[in-house]
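Here the structure is laid out as structure tokens; the discussion comes afterwards.
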Amino acid sequence: MPYVDRQNRICGFLDIEENENSGKFLRRYFILDTREDSFVWYMDNPQNLPSGSSRVGAIKLTYISKVSDATKLRPKAEFCFVMNAGMRKYFLQANDQQDLVEWVNVLNKAIKITVPKQSDSQPNSDNLNRQGEGGKKQVSYRTDIVGGVPIITPTQKEDVNECGESIDRNNLKRSQSHLTYFPPKPPPDSAVIKAGYCVKQGAVMKNWKRRYFQLDENTIGYFKSELEKEPLRVIPLKEVHKVQECKQSDIMMRDNLFEIVTTSRTFYVQADSPEEMHSWIKAISGAIVAQRGPGRSASSMRQARRLSNPCIQRYTSRTGECSTYVGAHANVPS
Numbered sequence: 020m021p022y023v024d025r026q027n028r029i030c031g032f033l034d035i036e037e038n039e040n041s042g043k044f045l046r047r048y049f050i051l052d053t054r055e056d057s058f059v060w061y062m063d064n065p066q067n068l069p070s071g072s073s074r075v076g077a078i079k080l081t082y083i084s085k086v087s088d089a090t091k092l093r094p095k096a097e098f099c100f101v102m103n104a105g106m107r108k109y110f111l112q113a114n115d116q117q118d119l120v121e122w123v124n125v126l127n128k129a130i131k132i133t134v135p136k137q138s139d140s141q142p143n144s145d146n147l148n149r150q151g152e153g154g155k156k157q158v159s160y161r162t163d164i165v166g167g168v169p170i171i172t173p174t175q176k177e178d179v180n181e182c183g184e185s186i187d188r189n190n191l192k193r194s195q196s197h198l199t200y201f202p203p204k205p206p207p208d209s210a211v212i213k214a215g216y217c218v219k220q221g222a223v224m225k226n227w228k229r230r231y232f233q234l235d236e237n238t239i240g241y242f243k244s245e246l247e248k249e250p251l252r253v254i255p256l257k258e259v260h261k262v263q264e265c266k267q268s269d270i271m272m273r274d275n276l277f278e279i280v281t282t283s284r285t286f287y288v289q290a291d292s293p294e295e296m297h298s299w300i301k302a303i304s305g306a307i308v309a310q311r312g313p314g315r316s317a318s319s320m321r322q323a324r325r326l327s328n329p330c331i332q333r334y335t336s337r338t339g340e341c342s343t344y345v346g347a348h349a350n351v352p353s
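Using my numbering, you'd call the opening residue of the sequence shown number 20 and step up by one each time.
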């Protein structure tokens with residue numbers, strides 16, 4: 020669901036058909052900023068990307084004429100809506116029907132309060148090229164006119180990593196374009212209550228990495244990705260003292276943050292939305308109650324699953340593209 024972040028911007032994950040009429044939707048993190056007259060998208064939440072990471076795409080709100088439901092136009096694309104910008108139509112997929120309705124409403128409201136300016140037709144390329152000042156690297160942008168609409172995209176093809184080695188962005192994107200869209204369904208007898216991607220803080224370096232979490236009757240574990248068989252760590256529910264919304268979220272400058280307090284450590288975990296955060300808290304709390312309560316009956320486990328609705332979260336890649344087809348995901352363990 021779209022939510023308002025600490026900078027009063029509307030944010031959330033959507034899938035976008037970046038190449039027109041390709042039928043291929045890629046997972047992106049969107050930011051709607053009415054003060055900047057912009058609707059931009061990134062590979063992931065910028066908080067979870069390396070410093071200086073550039074956006075994938077951007078469009079000015081003044082060029083969006085209408086946003087509407089497109090489920091009839093694209094019957095094979097579930098929860099699809101369309102954004103009309105000049106002669107270009109951007110097709111996007113929401114997570115569910117409520118998500119679709121909310122995004123359509125907030126976008127239409129945003130474009131109504133935007134007043135077109137004559138200077139909008141000539142985007143200030145100098146400001147865009149200077150955007151990376153103060154960071155580790157400069158990022159150049161290209162402005163293309165598509166159907167009379169300026170589309171701003173990064174043009175930097177090659178970066179240099181910390182070891183001085185060049186990195187081909189095109190090769191990187193190709194390697195990331197084979198990521199799964201949905202996590203595989205667990206076997207019926209695995210008793211998985213809830214599974215999905217979250218971002219957690221590392222124990223030593225205190226860095227944040229996207230991990231695939233899986234909750235069952237007795238444990239909560241996290242993996243590099245949903246394709247991994249062995250977890251990076253397993254937390255027994257009997258060691259969990261409490262699960263709650265994090266009181267230090269303001270200090271950490273993280274939205275949708277909750278904490279899992281155990282005997283030896285407090286795990287800080289960031290969900291993709293407020294709804295997902297509360298879903299995890301309820302699911303873990305429900306599993307703990309079912310485990311420690313008198314008689315772990317089947318009905319108590321069903322209650323835990325109901326608390327976690329929706330049970331299996333849609334896939335969100337930390338680093339890049341998430342295609343509707345096949346693929347893999349990799350991160351460094353922490």
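Every residue, glycine too, gets a C-beta built ideally from N, C-alpha and C.
Legend entry - Exposure label - K248; buried when at least 16 CB within 10 Å: Residue numbering aside, residue 248 sits at position 229 when the sequence shown is read from its first letter. Exposed, by the Cβ-count rule.
Inset, instruction - Consult DSSP for E184 and reduce its assignment to one of helix, strand or coil. - result: Here residue 184 refers to the residue found at position 165 of the sequence shown. Residue placement at E184 cannot be trusted, given a pLDDT of 39 that sits under 50; what the coordinates show is reported in the next sentence. Reduced to three states, the DSSP call for E184 is coil.
Legend entry - Simplified DSSP state of K243, which is helix, strand or coil: By one-based count along the sequence shown, residue 243 stands at place 224. In the structure shown, K243 sits in coil (DSSP, three-state: anything other than H, G, I, E or B).
Legend entry - In DSSP terms, what W227 is bridged to: Reading the sequence shown from its first residue, position 208 is the one you call residue 227. Answer by DSSP bridge pairing, in chain order: Q220.
Legend entry - Residue range of the alpha helix (DSSP H) that includes Q116: Position 97 of the sequence shown holds residue 116. It spans 116-131 - the alpha helix (DSSP H) in which Q116 sits, taken as one unbroken run.
Inset, instruction - Below 8 Å CB to CB, which residues in the same chain sit around E359 once its five sequence neighbours on both sides are set aside? - result: What is shown of the chain runs 20 to 353, which leaves residue 359 out entirely.
Legend entry - Inter-residue spacing [alpha-carbon to alpha-carbon] between E245 and F232: Looking up residue 245 in the sequence shown gives position 226. Looking up residue 232 in the sequence shown gives position 213. Here the C-alpha atom of E245 lies approximately 8 Å from the C-alpha atom of F232.
Legend entry - Reduced DSSP secondary structure (H/G/I, E/B, other) of A104: Counting from one through the sequence shown, the residue named residue 104 turns up at place 85. Strand at A104.
Legend entry - Rounded separation between I279 and E295 - CA only: Position 260 of the sequence shown holds residue 279. Position 276 of the sequence shown holds residue 295. One C-alpha to the other measures close to 15 Å.
Inset, instruction - Decide yes or no for the touch test of the segment 109-124 against the segment 84-95: beta carbon pairs closer than 8 Å, at least 3 of them. - result: yes
Inset, instruction - Report yes if the C-beta distance between C30 and L51 is below 9 Å; otherwise report no. - result: Position 11 of the sequence shown, counted from the first residue, corresponds to residue 30. Position 32 of the sequence shown, counted from the first residue, corresponds to residue 51. Yes. Within cutoff.
Legend entry - Local conformation of A290 per DSSP, three classes: Position 271 of the sequence shown, counted from the first residue, corresponds to residue 290. In this structure, A290 counts as coil in the three-state DSSP scheme.
Legend entry - Beta-carbon contacts of A129 that lie in its chain and below 7 Å, excluding the five residues immediately before and after: The residue you call residue 129 lines up with position 110 of the sequence shown. The answer, listed in chain order, is L51, T53, L80.
Legend entry - Neighbourhood of K219 by C-beta distance below 6 Å, restricted to the same chain and skipping five residues each side: Numbered from 1 along the sequence shown, position 200 holds the residue referred to as residue 219. The residues are R230, V288.
Inset, instruction - With DSSP as the reference, please indicate the residues paired to L33 in a beta bridge. - result: Numbered from its first residue, the sequence shown carries residue 33 at position 14. Partner(s): R47.
Inset, instruction - Please classify Q263: is it buried, with 16 or more other beta-carbons within 10 angstroms of its beta-carbon, or exposed? - result: For the purposes of this step, residue 263 is taken as the residue at position 244 of the sequence shown. So Q263 counts as exposed.
Legend entry - Bounding residues of the beta strand (DSSP E) (the contiguous stretch that carries S84): As a first step, residue 84 is located in the sequence shown; it is residue number 65 there, counting from the start. Where S84 is concerned, the enclosing beta strand (DSSP E) stretches over 83-88.
Inset, instruction - Pick helix, strand or coil for S57, following the three-state DSSP scheme. - result: Locating residue 57 in the sequence shown gives position 38, counting from the first residue. Note: S57 maps to strand in three-state DSSP.
Inset, instruction - Could you confirm whether any beta carbon from chain D is found closer than 9 Å to the beta carbon of K91? - result: Given the protein chain composition of this structure (a single chain), no chain D is represented.
Inset, instruction - Would you mind working out which of P293, L276, N127, S292 sits nearest N103, comparing C-alpha positions? - result: Here the question's residue 103 lines up with position 84 in the sequence shown. Answer by Cα proximity: N127.
Legend entry - Check whether N237 and P250 have beta carbons under 9 Å apart: Within the sequence shown, numbered from 1, the residue matching residue 237 stands at position 218. Within the sequence shown, numbered from 1, the residue matching residue 250 stands at position 231. Not closer than 9 Å, so no.
Inset, instruction - May I have the straight-line CA-CA distance separating Y109 from D115, to the nearest angstrom? - result: Numbered from its first residue, the sequence shown carries residue 109 at position 90. Numbered from its first residue, the sequence shown carries residue 115 at position 96. Between Y109 and D115, the C-alpha separation is close to 18 Å.
Legend entry - Limits of the unbroken alpha helix (DSSP H) element including I270: Translated into the one-based positions of the sequence shown, residue 270 becomes position 251. From DSSP, the alpha helix (DSSP H) with I270 extends over 268-271.
Legend entry - Pairwise C-alpha distance: S304 and R9: This structure does not reach residue 9, given that the chain is present from 20 up to 353, and the question cannot be answered.
Inset, instruction - Pull up the CB-CB distance for I212 and A290, whole angstroms please, since I reckon it's below 8 Å. - result: Residue mapping note: residue 212 aligns to position 193 of the sequence shown, counting from 1. Residue mapping note: residue 290 aligns to position 271 of the sequence shown, counting from 1. 16 Å between Cβ atoms; not a contact.
Legend entry - Outcome for K243 when other beta-carbon atoms lying within 10 angstroms are tallied against a minimum of 16: As a working note, residue 243 is residue 224 in the sequence shown. Buried is the call here.
Inset, instruction - Inspect the beta-carbon positions of V253 and I270 and report whether they are closer than 9 Å. - result: Counting from 1 along the sequence shown, the entry for residue 253 is found at position 234. Counting from 1 along the sequence shown, the entry for residue 270 is found at position 251. Contact: no.
Inset, instruction - Compute the Euclidean distance between the alpha carbons of F32 and N67, then round it to the nearest angstrom. - result: By 1-based counting over the sequence shown, the position of residue 32 is 13. By 1-based counting over the sequence shown, the position of residue 67 is 48. Rounded to whole angstroms, F32 to N67 spans 13 Å at the Cα level.
Legend entry - Reduced DSSP category for G42 - H, G, I as helix; E, B as strand; rest coil: If you number the sequence shown from 1, residue 42 lands on position 23. Here G42 sits in coil by DSSP.
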